[in-house]
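Enquirer: One structure, pasted below without further comment.
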Amino acid sequence: MMEKQVVVRNPHGLHARPAAKFVQAASSVPEDVIIEKNGKTANAKSILSIMSLGVSKGDTVTLTVAGESGETLLQTLEGILVSEAE
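Convert by adding 23 to the 1-based position in the sequence shown; the result is the number in my numbering.
Have a look at this one:
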C-alpha cells in the first residue's frame, strides 16, 4: 500500500472536470484507491464520493493506493490535483 499527501492547487478543487479526470485515472487500475480529507474517506473511483468530500484549492488530501500500481498512479493523481489549469 502506498500513501501520499497532496496540497490541492487546482483552482476548482475536485469539482466537475477535474473530478471526472481524477475518477478516470483512479479507475484505470484494479486496486482500491482512496482519497481522504479531514478524516473523511471516499472511493476515488466514484465521482459522487469524491464530490461529497468538498475538496477545494488549498486543501490537503491523502491518497492511498493498495497494490502494485501505487507509485505510478499516485503521480498521475497528484498531477491532476496540483494542475493550475481549469
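Idealized CB from N, CA, C, for every residue including glycine. Treat the numbers as computed from the prediction; the structure is a model and nothing was measured.
Report back the beta-carbon spacing between Ala-49 and Leu-100 to the nearest angstrom; my notes put them in contact at under 8 Å.
Expert: Yes, Ala-49 and Leu-100 are in contact; Cβ-Cβ is about 7 Å, under 8 Å.
Enquirer: Hey, how far is the Cα of Val-88 from the Cα of Asn-66?
Expert: One C-alpha to the other measures close to 11 Å.
Enquirer: Can you name, in chain order, every residue of its own chain whose Cβ lies under 8 Å from the Cβ of Val-46, other than the five neighbours on each side?
Expert: Same-chain partners within the cutoff: Ala-67, Lys-68, Ser-69, Ile-70, Ile-73.
Enquirer: Am I right that Val-52 and Leu-104 are in contact with their C-beta atoms under 8 Å? What's the rounded C-beta distance?
Expert: Their Cβ separation, rounded to whole angstroms, is 17 Å, which puts Val-52 and Leu-104 out of contact at 8 Å.
Enquirer: Starting from the Cα of Gly-93, find the closest Cα among Asp-55, Ala-43, Ala-39 and give me that residue.
Expert: For the residues Asp-55, Ala-43, Ala-39, the minimum Cα distance to Gly-93 belongs to Asp-55.
Enquirer: List the whole-angstrom C-beta distance separating Gly-36 from Ser-79, where the pair is believed to meet the contact cut-off of C-beta under 8 Å.
Expert: Confirmed, Cβ separation roughly 4 Å.
Enquirer: If you reduce the DSSP assignment to three classes, tell me which class Glu-26 lands in.
Expert: Reduced to three states, the DSSP call for Glu-26 is strand.
Enquirer: Rounded to the nearest angstrom, what separates Glu-59 and Ala-108 at their Cα positions?
Expert: Taking the straight line from one Cα to the other gives about 23 Å.
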